[in-house]
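Input: a single structure, listed below in structure tokens.
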Amino acid sequence: VAGVPRYFFHIGDCERLITDDEGLELIDTAEAKQQAMRAIGEMVRDGTAKACSGVITVEVFDTSGTLRFRAKASFSGELA
Amino acid sequence: MLVKLLTRKLNFRDSVSQTEQAALEAAVARTEDYAARSDIIREGERPSASSLLIEGMAARYTILPDGARQITAIHIGGDFVDLHSFLIKKMDHGVLALTPCRIAKVPHENLRELSERHPHLSRLLWLSTLIDAAIFRQWLVAMGRRSAEAQMAHFFCELLLRHRITGIALGDSFPLPITQGELADALGLSAVHVNRLLKELRASGLIAWREGVLSILDFGGLGDLAGFDPTYLVLDRAPR
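Taken in sequence, the protein lines are chains S and A. Read in our numbering, the first sequence has 76 at position 64, and its numbers run on one by one without any break. Read in our numbering, the second sequence has 124 at position 82, and its numbers run on one by one without any break.
Given below as structure tokens:
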């Protein structure tokens, strides 16, 4: 749809970088930010179930390839 | 015949007689067509007829005050999307056409008559609402306790079996003409996470999703990932 901005979400975790070549049509950068933050929360939930530490990043690019938002979560747990 | 897919579904679990099939067909008052993304039933409505989906894909959904939408069920041809409205009366959720949908409207008075004259058929319709409930339970378990990846894998395994039961599946492929955003709303996940999970399932050679058709390339592998046990779909034929 013309006029609707598209954002690309590249996801990195301990194991790999998953690049997004399809993107999502969203209203604006604020919505892209909300999407990125929700996604990172969900991925931390899955990550903590599998490992006791990790770093997950979500980088949001616009169609011109400019980085618009970066979310990062790291988690760790150790015996006291 | 309008009730062909429904009859196939019921016949999969028990034997539907010619008389029962004719009674079902006669209970349909009319058909209605809905455009994709239009409401078939709105929350709060009091339908006077239940809607049997003849063709297309529909979703039960709830919208929260902040605008977030949760799809609580996906329906395919042969499913009653609101058989429960016959007894519950006031809809506590809406039903949305995900694709163009053809609906057969079965007036509640006809359902009442069916239940009085055809107790066996009535039990089979009861069974179909019990299977709906079993599917809700599995979605709940998946949302609460499975990883997002396993939840998605489980969803695809379930949809394939449901399409096979009504004969709509082609081999291990079935129509899934919905957007990633709609899939995200059904799984209760963000669209970004869903996009990532789809990529991973594709890269693992488990699924392909092209032009509205979902193909399961390795049902065993996808089932293992999901921890899929189809018992809840009642796949055995027995007198009910």
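Glycine included, each C-beta is placed from N, C-alpha and C at the ideal position.
Subject >> Counted within 10 angstroms of its Cβ, other Cβ atoms place A:Ile-145 as buried (16 or more) or exposed >> reply: When all chains shown are included, A:Ile-145 counts as buried.
**OP:** Kindly indicate the opening and closing residues of the beta strand (DSSP E) around A:Met-99.
**Re:** In the DSSP assignment, A:Met-99 falls within the unbroken beta strand (DSSP E) covering 99-105.
Subject >> Interface flag, S:Asp-58 vs chain A, CB-CB below 9 Å >> reply: It does: the Cβ of S:Asp-58 has a partner Cβ on chain A nearer than 9 Å.
**OP:** Could you please give the first and the last residue of the uninterrupted alpha helix (DSSP H) stretch that includes A:Pro-217?
**Re:** A:Pro-217: not part of any alpha helix (DSSP H); member of the beta strand (DSSP E) spanning 215-217, first to last residue.
**OP:** Evaluate contact between the stretch 150-166 of chain A and the stretch 231-242 of chain A, counting only Cβ atoms and requiring at least three cross-stretch pairs below 8 Å.
**Re:** With a cut-off of 8 Å, the stretch 231-242 of chain A and the stretch 150-166 of chain A do not count as touching, because too few Cβ pairs lie within range.
Original post:
CA-CA distance, A:Leu-153 and A:Lys-131?
Top reply: A:Leu-153 and A:Lys-131 have their C-alpha atoms some 13 Å from each other.
Original post:
Does DSSP put A:Ala-175 in a helix, a strand or coil?
Top reply: Helix at A:Ala-175.
Original post:
At a CB-CB cut-off below 8 Å, which residues of chain S make contact with A:His-235?
Top reply: Against chain S, a Cβ distance below 8 Å from A:His-235 picks out Arg-50, Ala-51, Glu-54 and Met-55.
**OP:** Ignoring anything shorter than 3 residues or poking outside the stretch 115-169 of chain A, list the beta strand (DSSP E) runs there in chain order.
**Re:** Scanning the stretch 115-169 of chain A for uninterrupted beta strand (DSSP E) segments of 3 residues or longer gives 136-139 and 143-149, listed from N- to C-terminal end.
**OP:** State buried or exposed for A:Ser-57, treating a residue as buried only when at least 16 other CB atoms are found within 10 Å of its CB.
**Re:** Exposed, since its Cβ has fewer than 16 Cβ neighbours within 10 Å.
Original post:
Could you give the distance in angstroms between the alpha-carbon of A:Gln-101 and the alpha-carbon of S:Leu-91?
Top reply: With the sequence shown as reference, residue 101 of chain A is identified as Ala, and Gln is not the correct amino acid for it. For the pair A:Ala-101 and S:Leu-91, the Cα-to-Cα distance works out to about 46 Å.
Subject >> Per-residue burial, A:Ala-250 [other beta carbons within 10 Å of its own, 16 or more giving buried] >> reply: So A:Ala-250 ends up on the exposed side.
Subject >> Minimum C-alpha distance to A:Leu-218 - residue among A:Gln-63, A:Ala-78 and A:Met-99 >> reply: Ranking A:Gln-63, A:Ala-78 and A:Met-99 by Cα distance to A:Leu-218 puts A:Met-99 first.
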